[in-house]
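Quick notes on the structure that follows.
There are 2 protein chains.
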Amino acid sequence: MSIATGTRGEPVTPAADTVDIVALLERGRTLSSPVLRAAVDRLAPPMDTVAAYHFGWIDAEGRPSDGDGGKAVRPALALLSAEAAGAAAEVGIPGAVAVELVHNFSLLHDDLMDGDEQRRHRDTVWKVHGPAQAILVGDALFALANELLLEIGTVEAGRATRRLTTATRKLIDGQAQDISYEHRERVTVEECLEMEGNKTGALLACAVSIGAVLGGADDHTADTLESYGYHLGLAFQAVDDLLGIWGDPEATGKQTWSDLRQRKKSLPVVAALAAGGPASERLGELLAADAKSNDFDTFSEEEFATRAALIEEAGGREWTSQEARRQHAIAIEALNGVDMPEQVRAQLVALADFVVVRKR
Amino acid sequence: MSIATGTRGEPVTPAADTVDIVALLERGRTLSSPVLRAAVDRLAPPMDTVAAYHFGWIDAEGRPSDGDGGKAVRPALALLSAEAAGAAAEVGIPGAVAVELVHNFSLLHDDLMDGDEQRRHRDTVWKVHGPAQAILVGDALFALANELLLEIGTVEAGRATRRLTTATRKLIDGQAQDISYEHRERVTVEECLEMEGNKTGALLACAVSIGAVLGGADDHTADTLESYGYHLGLAFQAVDDLLGIWGDPEATGKQTWSDLRQRKKSLPVVAALAAGGPASERLGELLAADAKSNDFDTFSEEEFATRAALIEEAGGREWTSQEARRQHAIAIEALNGVDMPEQVRAQLVALADFVVVRKR
């Protein structure tokens, strides 16, 4: 599946095509991982073990594991963020780790609230260790994120923590909206975009400003970097919404038609419902009936495939793909508002390209 | 029930007996309540409503309610804390509210983890609004606490937030210990005290330092005030443990034998088990059998009464009552390490007295 490409089939960003994305993500992972592990080691038993399982460092039996730690886009962004402010990449490390801790706090709680049984090809924490541990370890990671930043003790660290707190509040608002939308028959495209901006945009925005703030950047610079991150987050989420319906389970680690099974009012769905026309109307009727159905949990693959086909026919898939490109373009444009080393700019552009063409 | 009194039947603290405790608690409530309500109003729907229910401001149907907001010991302490550092009581208000937010974050999550259906004479949030809202609103209150402090933007506010974060981590550690102890056959008195220090001592300690830190106190002053608060917390919890078994349901708002029903390894229980002798041994046998019993949920009042009587006979009730007095004395003694206005000292002493003689 090619989601967001230029007419030549590749993202059109000349300055960025020399960037080694794999190396960039690897740097973020390599520099932040030891600090993340040391932070998690601070947790009292059994929370340290539960967290290590969540991060994929051990399996359900406690044996060392080489789990899939995710794409590590946020740590890479946090380090670039420090460099964008003229500081060393290392200055961004506590920010990178704090953002990862908050992200994983939200995953632990969201998986439980949403009843998701699988993440990153493995059983979720609440399935393996029970709901109480999922709540508790989520709480602990959130607290740890603040602790890590505040123990730096500088004014900059205080400002960074405040931005992280604001992002976390938006994250929680977004989850609240997400839950309430699942119980509503109709959600507008605008509501969906607001929810996704809260759930995904806010923390990515914070990742891109936190390193700069720790490096002494002023509020204008931080706000502009956040604008890039926010729209990058919306692009990221649009791609996620496409993968949530049409993604390859092998790559995503989720079930087929994952978001449809959960009745998620994701972008392709709300865009299809808003489009009008026969496919849109038929889709609306089906989803309204689904909401009242007692048999929904036993639906066959074919029934979800029918819904996915209607979403596509009504234009929801194409609209979302275009939305990913739109948000990608706004993100890149925002970077013009900040003076930064050209190499850093090229890397931020390359990361934005990567986010919209990823397959998982 | 008279729990912790001197030989004359009243707490022996001459300087404190002129303090009007009701007015002191009322001041804390009156000054912090509008700020707390304004903070909760920041939450996106439906979290604002769920939080308002939790705080007792509305009932389950959303009608205004004059609920029981608790004793408000922490807000009173936070304001006195500011005054102990020579600042105006008002300086402590954001600290008082932040501590209350963290306290209520932990109540929301703990009630869900522990399966507690009642708090302050009302159904708990997860019973009324579902587990997802209990998780989400808890998270939001925790984030709000940090937001409220950090938006002050001063170095002092950063230090106050760091102390609150440390206390929150201990709170979470304590809940983790509490949960794990419920699944163990034996818990030592030391383990129980450590758990209670984390669960109750740490946040009370923070309440007593946070106003002072916001008022510019140095670390020594803050640490010394925290020592008073920590031991006051242990005294508070010892009394709570007594009320959890022998408290009057009318006053506490909990079921009879509440902690026994939940198999809590609270102080009277662990002290009784550690005491040795026939009653202690019989109690140990009963509790070991209870842990394996499938009928535990259908136990009669009488079966719990038998266990309570054995705890008392083995000396667990008297030991815990003495422990409350011991911790109360250490708390009062700690106050000698800080220079503060004598009126403030007398009020802190009076609050300590109040905590150990309370009935709920």
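Protein sequences, first through last, are from chains A and D.
Number 231 in the numbering used here belongs to position 231 of the first sequence; there are no gaps in the numbering.
Whatever position you read off the second sequence (first residue = 1), add 1000 for the numbering used here.
Heads up, the beta-carbon is just placed ideally off N, CA and C, and yes, glycines get one too.
Fair warning: this is a prediction, and the values are worked out from it, not measured in the lab.
Can you tell me where the alpha helix (DSSP H) with residue i in it begins and where it stops?
i	result
W1246 of chain D	1219-1246
N104 of chain A	93-114
H364 of chain A	Outside the shown range of chain A (1 to 360) lies residue 364 of chain A, about which nothing can therefore be said.
P131 of chain A	131-150
P1075 of chain D	1073-1084
V338 of chain A	Where V338 of chain A is concerned, there is no enclosing alpha helix (DSSP H), given that its DSSP letter is neither H nor E.
G1028 of chain D	1021-1041
R1282 of chain D	1278-1292
E303 of chain A	301-313
G211 of chain A	202-214
V1270 of chain D	1267-1275
V1187 of chain D	Note, V1187 of chain D: premise wrong, no alpha helix (DSSP H); not H, not E.
Spatial neighbours of residue i within its chain, please: C-beta separation below 7 Å, excluding the five flanking residues on both sides.
i	result
A238 of chain A	L267, T320, E323, A324, Q327
V97 of chain A	S32, V35, L36, A39, L148
A953 of chain D	The structure shown has nothing for residue 953 of chain D, since chain D only spans 1001 to 1360.
E1342 of chain D	none
I152 of chain A	P94
E190 of chain A	none
T1221 of chain D	A1085, A1212, V1338
C107 of chain A	In the sequence as presented, Cys is not what sits at residue 107 of chain A; that position holds Leu. Hits under 7 Å: R119.
S65 of chain A	G56, W57, I58, D59
A334 of chain A	T224, S227, Y228, H231
V1269 of chain D	I1311, G1316
I3 of chain A	Any reading at I3 of chain A is ruled out, since the residue's pLDDT is 44, under 50, leaving its predicted position unreliable.
Within its chain, find whatever has a CB closer than 8 Å to the CB of residue i; leave out the 5 residues flanking it on each side and keep chain order.
i	result
A1350 of chain D	T1013, A1016, D1017, V1019, I1021, L1024
R8 of chain A	With a pLDDT of 44 at R8 of chain A, under the threshold of 50, the modelled position of this residue cannot be trusted; read the value that follows with caution. Nothing listed; no residue qualifies.
T49 of chain A	I58, G62
T367 of chain A	Any answer about residue 367 of chain A is impossible in this case: the structure gives chain A only from 1 up to 360.
D173 of chain A	N198
E1301 of chain D	T1256, W1257
H103 of chain A	R74, L203
D1041 of chain D	D1048
Return helix, strand or coil for residue i, following the three-state DSSP convention.
i	result
L347 of chain A	Reading off the sequence shown, one finds Gln at residue 347 of chain A, where the question assumed Leu. Reduced to three states, the DSSP call for Q347 of chain A is helix.
R326 of chain A	helix
I58 of chain A	strand
E333 of chain A	helix
E1010 of chain D	Confidence in E1010 of chain D is poor, its pLDDT being 47 and thus under 50, which makes the residue's placement unreliable; the coordinate value appears in the next sentence. E1010 of chain D falls in the coil class under three-state DSSP.
Q1262 of chain D	coil
R169 of chain A	helix
Q1255 of chain D	coil
R1122 of chain D	strand
Excluding the 5 residues preceding and the 5 following residue i in the sequence, name in chain order all residues of the same chain whose CB lies nearer than 6 Å to its CB.
i	result
G1028 of chain D	A1072, P1075, A1076, L1079
A1087 of chain D	G1215
R263 of chain A	E182
K1359 of chain D	A1251
L112 of chain A	W126, P131, A134
H1121 of chain D	G1253
G1315 of chain D	A1275
M1 of chain A	Low confidence applies to M1 of chain A: its pLDDT is 39, below 50, so where it sits in the model is not reliable enough to give any reading.
F1362 of chain D	No information on residue 1362 of chain D is available, as it lies outside the stretch 1001 to 1360 that chain D covers here.
A1279 of chain D	L1310, E1313, A1314
Q1177 of chain D	M1195
How do the region 207-221 of chain A and the region 182-189 of chain A stand: do at least 3 beta-carbon pairs fall below 8 Å, yes or no?
-> no
Is there contact here, the region 1289-1306 of chain D with the region 1251-1258 of chain D, by at least three beta-carbon pairs under 8 Å?
-> yes
Assess, as a yes-or-no matter, whether the region 1117-1126 of chain D is touched by the region 137-157 of chain A under the definition of 3 or more beta carbon pairs within less than 8 Å.
-> no
Count the C-beta pairs between the region 1191-1209 of chain D and the region 1278-1294 of chain D that are closer than 8 Å, then say yes if the count reaches three, no if not.
-> no
If contact means a Cβ-Cβ distance below 8 Å, which residues of the region 1168-1187 of chain D contact chain A?
-> T1168, R1169, I1172, D1173, Q1175, A1176, Q1177, I1179, S1180
If you measure beta-carbon to beta-carbon, which residues of the region 342-360 of chain A are closer than 7 Å to chain D?
-> none
Where the region 1031-1051 of chain D meets chain A: residues whose CB sits under 7 Å from a CB there = A1044, P1046, M1047
Taking a cut of 8 Å between CB atoms, which residues from the region 1145-1157 of chain D lie near chain A?
-> N1146, E1147, L1150, E1151, G1153, V1155, A1157
Proximal residues, the region 116-132 of chain A versus chain D, C-beta separation under 8 Å | P131, A132
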